[in-house]
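Line by line, the protein sequences are chains B and X.
Going by numbering that gives the first Met the number 0, the residue at position 72 of the first sequence is 71; the numbering climbs one at a time, nothing skipped.
Going by numbering that gives the first Met the number 0, the residue at position 86 of the second sequence is 85; the numbering climbs one at a time, nothing skipped.
In this text, a Cβ means the ideal position worked out from N, Cα and C, and glycines have one as well.
Protein chains: 2
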Amino acid sequence: MDRRSRILEAAVRVFAEHGFHRARVGDIAEDAGVAHGLLYHYFASKEDVLRTIFVENWGRFLARLRAVEQAEQPAPEKLAGIAKILLRTWRNDPALVTVMVRDVARSPELQEQVAEVREAFAIVQRVIEQGQAEGDFRTGIDARLASWVFYGGLEEVLTGWVLGELPDSGEDVTRAEQVAIEIALFGLAAGLRP
Amino acid sequence: MDRRSRILEAAVRVFAEHGFHRARVGDIAEDAGVAHGLLYHYFASKEDVLRTIFVENWGRFLARLRAVEQAEQPAPEKLAGIAKILLRTWRNDPALVTVMVRDVARSPELQEQVAEVREAFAIVQRVIEQGQAEGDFRTGIDARLASWVFYGGLEEVLTGWVLGELPDSGEDVTRAEQVAIEIALFGLAAGLRP
DNA sequence: CGTCCCGTTGACTGACCGTTCAATCGCTGG
DNA sequence: CCAGCGATTGAACGGTCAGTCAACGGGACG
């Protein structure tokens, strides 16, 4: 494991614990076991470290979303797949999710990266449009808005876990997947009658 | 209009423009047209200003939610009412919403205030439980989780407006209300059949 | 063995900005 | 007109850290 990666991983831990603004460059270096000057050999600034964390991980996330989008399956399954990818990230890497949700998602300093976030919404939107075209979802619902509502529901559950406000055992995660998926699929479904 | 309120309003504008961390106390004072020392006559610190903005406005918001909860109407209407309260805030006071969504919602510094946020979720949860008890919503969906998903969907739409990523004319707001409400109500509704 | 050179170190600096406080202002009530 | 007092001012302070840089280490290569 090279130093650069070690610094990034340390930064995720430190940002998760203190938040980006409270975190000191020295803390990151200490956690990584290097002198803090070295950080500036690999990154332009503290903010650049945060940006890198975002870009590299969001890239991986996008790749997984694209894979789901391109699979040959009906839209409802795709949406369920997306929900699972998002929510299961919590168990895999809580610190990373904490940083993404708390420090990246809405930080004014990273608004240049909006384009990359937009791509995720675009994928969800296309999946919803596919569902509408194939008759699984009812038309007349603005797919763009729906994609935001869908994503927001998932992100808020992640936030609940980050803040320690929602239980997050393995079963809890499964239940959360079910609830989010069920609301979204019933919420969008075509051909429902009372 | 007294100085204290003027300072608070200025703070909302300045925080909305730069974000809490980038905003300087001097900027707030200048915007309010007072010396920056005066801020410390009314508030203990810059952070205390943010906390005050949150507490006073969230209190008003909670009062409106409680009013909806206590009205005598079926749960679906109540949920729709809550969605409208939240989303219409954007047109009323975009700067305030910006601060709430961007700087307050997930800031590590305001986590003492979690209790007040929790109350809002509790209200939504009780409304959903009421709907389940009265047969409007299907049982078997965890009402607590559902309240987070519901709230998250709405907050994300607000975020879209804050970031300038979603159109926000009057019609757009109305459409957003419809989409969010429709997804939630179909998503939770009882007695649906394909 | 010498000499590059990349990676690494950590003492140091310098600016920023939240906060303090002594001085002044101006209203109010006697 | 004066005394008292809360409101207001803004110059000065000081603590904190992000970022710099001169020096060092050791591997690679001739």
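Among residues of its own chain, excluding the 5 on either side of X:Tyr41, which ones have a beta-carbon nearer than 8 Å to its beta-carbon?
-> The count along the second sequence starts at 1 and reaches residue 41 of chain X at position 42. Counting only Cβ-Cβ distances below 8 Å, and skipping sequence neighbours, we find Arg2, Arg3 and Ile6.
How many Å lie between B:Leu165 and B:Leu157 at the Cα?
-> What you label residue 165 of chain B is simply residue 166 of the first sequence in a count that begins at 1. What you label residue 157 of chain B is simply residue 158 of the first sequence in a count that begins at 1. Those two C-alpha atoms are separated by around 9 Å.
Where does X:Phe136 sit, in a helix, a strand or coil, going by DSSP?
-> Within the second sequence, residue 136 of chain X is the residue found at index 137, counting from 1. Of the three classes helix, strand and coil, the one that applies to X:Phe136 here is strand, per DSSP.
Is X:Leu162 close to chain B, meaning its C-beta is less than 9 Å from at least one C-beta of that chain?
-> As a first step, residue 162 of chain X is located in the second sequence; it is residue number 163 there, counting from the start. It does: the Cβ of X:Leu162 has a partner Cβ on chain B nearer than 9 Å.
Mind checking which residues open and close the alpha helix (DSSP H) that includes B:Ser4?
-> In the first sequence, the residue the question calls residue 4 of chain B occupies position 5. Counting along the chain, the unbroken alpha helix (DSSP H) around B:Ser4 starts and ends at Arg2 to His17.
Is there contact here, the stretch 176-184 of chain X with the stretch 64-82 of chain X, by at least three beta-carbon pairs under 8 Å?
-> yes
Inter-residue CB distance, B:Leu61 and B:Phe19 (contact presumed, cutoff 8 Å) | Taking the first sequence and counting its residues from 1, one reaches residue 61 of chain B at position 62. Taking the first sequence and counting its residues from 1, one reaches residue 19 of chain B at position 20. That belief does not hold up - the Cβ atoms of B:Leu61 and B:Phe19 are roughly 22 Å apart, past 8 Å.
Does the beta carbon of X:Ile27 sit closer than 9 Å to a beta carbon anywhere in chain B?
-> Here the question's residue 27 of chain X lines up with position 28 in the second sequence. No, X:Ile27 does not count as interfacial toward chain B.
Please list, in chain order, all residues of the same chain as B:Phe136 whose beta carbon is under 7 Å from its beta carbon, the five residues on each side excluded.
-> What you label residue 136 of chain B is simply residue 137 of the first sequence in a count that begins at 1. Once the five neighbours on either side are set aside, the close Cβ partners of B:Phe136 are Ala74, Ile127, Gly130, Leu187, Ala188 and Ala189.
The alpha helix (DSSP H) with B:Glu111 in it runs from where to where?
-> For the purposes of this step, residue 111 of chain B is taken as the residue at position 112 of the first sequence. No alpha helix (DSSP H) contains B:Glu111, which DSSP labels as neither H nor E.
DSSP beta-bridge partners of X:Ala31 = Taking the first residue of the second sequence as position 1, residue 31 of chain X is located at position 32. BP columns for X:Ala31 are empty, so no partner.
Verify the CB distance criterion: does X:Leu187 have a CB-CB separation below 9 Å to chain B?
-> Position 188 of the second sequence holds residue 187 of chain X. For X:Leu187, the answer is yes, since a Cβ of chain B falls inside 9 Å of its Cβ.
Could you name the residues of chain X that B:Trp147 contacts, counting a contact when the two beta carbons are closer than 7 Å?
-> In the first sequence, residue 147 of chain B corresponds to position 148, counting from 1. Per Cβ cutoff of 7 Å: Glu155, Val156, Gly159 and Leu165.
Straight-line CA distance for B:Leu109 to B:Phe53?
-> For the purposes of this step, residue 109 of chain B is identified with residue 110 of the first sequence, where counting begins at 1. For the purposes of this step, residue 53 of chain B is identified with residue 54 of the first sequence, where counting begins at 1. Computed Cα separation, rounded: 9 Å.
Could you name the residues of the stretch 106-118 of chain B whose beta carbon sits closer than 9 Å to any beta carbon of chain X, in the order they occur along the chain?
-> Ser106, Pro107, Glu108, Gln110, Val113, Val116 and Arg117
Simplified DSSP state of B:Ala79, which is helix, strand or coil | Locating residue 79 of chain B in the first sequence gives position 80, counting from the first residue. B:Ala79 falls in the helix class under three-state DSSP.
Can you check whether the CB of X:Glu176 is closer than 9 Å to the CB of B:Val148?
-> Mapped onto the first sequence, residue 148 of chain B falls at position 149. Mapped onto the second sequence, residue 176 of chain X falls at position 177. No, the pair does not count as a contact, with Cβ atoms beyond the cut-off.
B:Gly151, enclosing alpha helix (DSSP H) - first and last residue | As a position in the first sequence, residue 151 of chain B is number 152, starting the count at 1. Ala142 to Val161 is the extent of the alpha helix (DSSP H) around B:Gly151.
Keeping to the same chain, check which residues put their C-beta closer than 6 Å to that of X:Trp57; ignore five residues upstream and five downstream.
-> Counting from one through the second sequence, the residue named residue 57 of chain X turns up at place 58. Exclusion of the five residues before and after X:Trp57 leaves Glu115 as the residues of its chain whose Cβ lies within less than 6 Å of its Cβ.
Can you give me the start and stop residues for the alpha helix (DSSP H) that B:Ala66 sits inside?
-> In the first sequence, counting from the first residue as 1, residue 66 of chain B sits at position 67. Where B:Ala66 is concerned, the enclosing alpha helix (DSSP H) stretches over Lys45 to Gln69.
For B:His35 and B:Thr97, the rounded distance between their alpha carbons | By 1-based counting over the first sequence, the position of residue 97 of chain B is 98. By 1-based counting over the first sequence, the position of residue 35 of chain B is 36. Approximately 23 Å between the Cα atoms of the pair.
Among B:Arg65, B:Val172, B:Asp26 and B:Asp102, which one has its Cα closest to the Cα of B:Val123?
-> Numbered from 1 along the first sequence, position 124 holds the residue referred to as residue 123 of chain B. Nearest C-alpha to B:Val123: B:Arg65.
When the cut-off is 9 Å and only beta carbons count, does B:Gly134 lie next to chain X?
-> Along the first sequence, read from residue 1 onward, the residue named residue 134 of chain B stands at position 135. Not one chain X Cβ lies under 9 Å of B:Gly134.
Between the C-alpha atoms of B:Pro199 and X:His17, what's the straight-line distance to the nearest angstrom?
-> An answer regarding residue 199 of chain B cannot be provided, because it is not within the stretch 0 to 193 covered by chain B.
By how many angstroms is the C-alpha of B:Ala28 removed from the C-alpha of B:Ala9?
-> The sequence position of residue 9 of chain B within the first sequence is 10, counting from 1. The sequence position of residue 28 of chain B within the first sequence is 29, counting from 1. Distance between the alpha carbons of B:Ala9 and B:Ala28 is about 8 Å.
Who are the neighbours of X:Ala121 on chain B, taking C-beta pairs under 9 Å?
-> As a first step, residue 121 of chain X must be located in the second sequence, where it is residue number 122. Those within 9 Å of X:Ala121 in chain B number zero; the least Cβ separation is about 11 Å.
Should B:Leu61 be flagged as near chain X, meaning a C-beta pair shorter than 9 Å?
-> Mapped onto the first sequence, residue 61 of chain B falls at position 62. It does not; no Cβ of chain X falls within 9 Å.
X:Gly151, buried or exposed, once every other Cβ within 10 Å from all chains shown has been counted against 16 | Counting from 1 along the second sequence, the entry for residue 151 of chain X is found at position 152. When all chains shown are included, X:Gly151 counts as buried.
Are any of the Cβ atoms in chain X nearer than 9 Å to that of B:Gly169?
-> Locating residue 169 of chain B in the first sequence gives position 170, counting from the first residue. Chain X contact via Cβ: absent.
CA nearest to the CA of B:Pro93, picked from B:Ala43, B:Gln72 and B:Ser168 = Translated into the one-based positions of the first sequence, residue 93 of chain B becomes position 94. Cα-wise, what sits closest to B:Pro93 is B:Ser168.
Contacts that X:Tyr150 makes with chain B (C-beta to C-beta distance below 8 Å) | Residue numbering aside, residue 150 of chain X sits at position 151 when the second sequence is read from its first letter. Within chain B, the residues near X:Tyr150 are Glu155.
Cβ of X:Val178 within 9 Å of Cβ of B:Leu162?
-> Position 179 of the second sequence, counted from the first residue, corresponds to residue 178 of chain X. Position 163 of the first sequence, counted from the first residue, corresponds to residue 162 of chain B. No, Cβ-Cβ distance for X:Val178 and B:Leu162 is not below 9 Å.
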